[in-house]
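Structure first, commentary second.
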Amino acid sequence: MTSWLCDLISDPQTAQIFLGLLGSYGVYQLGLRAYFIKQEYEGVRLRYLDNGLDLYSANLEYVLGIHRHNWLLLLRILKQYRDFESEVKIADFFSEFMEVDQSKFNVVTNRRVSRVLGSKVFWNAF
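Heads up: the sequence shown begins at 38 in the working numbering, then just goes up one per residue.
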């Protein structure tokens with residue numbers, strides 16, 4: 038050690054103050070590190086799980102709604118064909134038929150969720 042540090046620590050009262058300051062600085066650094074780790078965790082949770090799963094469930098609900106609408110429309114057309122045994126206007130079916138809008142799918146969030154969970158269940162279902 039340098040001579041000025043040895044002289045500083047040789048006095049018991051000064052050494053006690055120095056060690057108190059050094060300990061408080063160490064506690065400050067640990068607290069700051071814990072704060073940043075928690076902030077990072079909350080950011081990851083918000084980005085991947087909250088936003089990812091919410092958007093994925095919204096996409097799934099959208100697709101299932103379209104499927105349900107088209108299925109009911111198909112059943113109605115088949116019932117008309119069965120009951121009336123006449124010409125069924127297929128143009129009416131396709132005029133009311135809903136197609137899935139591909140721009141509403143969030144591929145990036147789905148990929149994030151599947152990567153975080155380590156499972157391809159979400160990706161394969163997408």
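The beta-carbon is built from N, C-alpha and C at its ideal position, and this holds for glycine as well.
Since the model is a prediction, treat every value here as computed from it, not as a measurement.
Check: For Asp87, the first and last residue of its enclosing alpha helix (DSSP H); Outcome: Element bounds for Asp87: n/a, residue is neither H nor E.
Check: Beta-carbon spacing of Arg149, Tyr85 below 8 Å; Outcome: yes
Check: Alpha carbon of Gly60 to alpha carbon of Thr146, nearest angstrom; Outcome: 44 Å
Check: Contact under 8 Å by Cβ, Phe192 with Asn107; Outcome: The structure shown does not extend to residue 192, since the chain is modelled only from 38 through 163, so no value can be given for it.
Check: Local Cβ density within 10 Å of Tyr93, reported as buried at 16 or more and exposed below that; Outcome: buried
Check: Same chain only: Cβ atoms within 7 Å of Tyr99, ignoring 5 sequence neighbours per side; Outcome: Lys141
Check: Test item: CB-CB of Glu77 and Leu110 under 8 Å; Outcome: no
Check: Opening and closing residue of the alpha helix (DSSP H) in which Gly68 lies; Outcome: 49-81
Check: Other residues of its chain near Val144: CB distance less than 7 Å, five sequence neighbours each side excluded; Outcome: none
Check: Coarse secondary structure for Glu136, derived from DSSP in three states; Outcome: coil
Check: Straight-line Cα distance separating Lys75 from Ala52; Outcome: 34 Å
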